[in-house]
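Since the structure comes first, as structure tokens, the remarks are kept for the end.
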Amino acid sequence: MDQTCRGAGVVVLETDRLVLRRWRVSDAAVQRRLWTERDPRVPPHRRIDAEGRPTLEEIEDGIRRDGPDASLGLLAVERRGSGDVFGYCGLLANNHGQDGEPELAFELLRGVWGQGYATEASQAVMRWAEELGHRRLWATVRDWNSASRAVMAKLGFVETARVERDALHGESLFFVKDLSGPSGDRDDTPAPRWSVHDHRPAGG
């Protein structure tokens, strides 16, 4: 891909039904709702605590602090046409593999589950990762999260032997996806429309 797309900038990915873009301050309520909807088996540091934190204001501040990055990050998932934001999907630098291989991550509001949005958004991010030159992607899923495990299967991720055991919150299973295999191993999903802008969008 064009080297100009590798530096700092604002990524926008588009599919038939979705737009994936940087978070805006006006999306903070959606982020907080994701926190409130998380399964009680999710570790406490990723759920709203007894004091109601993170607060909406803290999430807004976090969005303001996040600078533009054209190679990593969790993008807001927005429904095309309506502009409704209902989750995130993107790449994390968790160093599970070699040479900076990133992790695919996604989370959607419960009200949109079962409509194929997680798969569609993830396919766009996978194509983006491939265009950025990544050869493999990782993903981690709790053993009790059957919905996310089903998405992993649809995307062609393979479960590895690596497991992080946690008797209280469930085992973390590690999945891997080869992005550089023979063409016959890849799906026929059309490549997403995407662009990189050098300006920062308005926060509100």
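According to numbering that gives the first Met the number 0, the stretch in the sequence shown is residues 0 to 203, in order.
Just so it is clear, CB atoms sit at the ideal spot from N, CA and C, and this is done for glycine as well.
Contacts around residue i, its chain only, beta-carbon distance under 6 Å, and the 5 residues preceding and following it disregarded
i: residue 93; result: 102
i: residue 147; result: 140
i: residue 170; result: 142, 162, 164
i: residue 73; result: 87, 89
Beta-ladder partner(s) of residue i, from DSSP
i: residue 105; result: 88
i: residue 139; result: 173
i: residue 178; result: In the DSSP output, where bridge partners are listed per residue, residue 178 has none listed.
i: residue 76; result: 19, 86
i: residue 163; result: 171
i: residue 157; result: 175
Exposure of residue i, with buried meaning 16 or more beta-carbon neighbours within 10 Å
i: residue 121; result: buried
i: residue 112; result: exposed
i: residue 19; result: buried
i: residue 145; result: exposed
i: residue 115; result: exposed
i: residue 25; result: exposed
i: residue 210; result: Since the first and last residues shown for the chain are 0 and 203, residue 210 lies out of range.
i: residue 166; result: exposed
i: residue 31; result: buried
Cutoff 8 Å; reference residue i; Cβ partners in own chain excluding five residues on either side
i: residue 110; result: 85
i: residue 174; result: 137, 138, 139, 140, 151, 156, 157, 158, 159
i: residue 71; result: 89, 90, 91, 92, 101
Whether residue i touches residue j by CB criterion (8 Å)
i: residue 21; j: residue 9; result: yes
i: residue 96; j: residue 135; result: yes
i: residue 117; j: residue 150; result: yes
Contacting residues, own chain, Cβ-Cβ under 7 Å from residue i (five flanking each side not counted)
i: residue 27; result: 55, 58, 59, 62
i: residue 133; result: 100, 101, 178
i: residue 45; result: 37
i: residue 77; result: 17, 18, 20, 83, 84
Closer than 8 Å to chain D by CB, residue i
i: residue 150; result: Absent from the structure is chain D; it holds one protein chain and no more.
*Is there contact between the region 10-28 and the region 46-54, where contact requires at least three CB pairs shorter than 8 Å?*
no
_Check whether the region 103-118 and the region 57-64 touch, using three or more Cβ-Cβ pairs below 8 Å as the test._
no
_Quick test of the definition: if touching needs 3 or more C-beta pairs under 8 Å, does the region 122-131 touch the region 157-166?_
no
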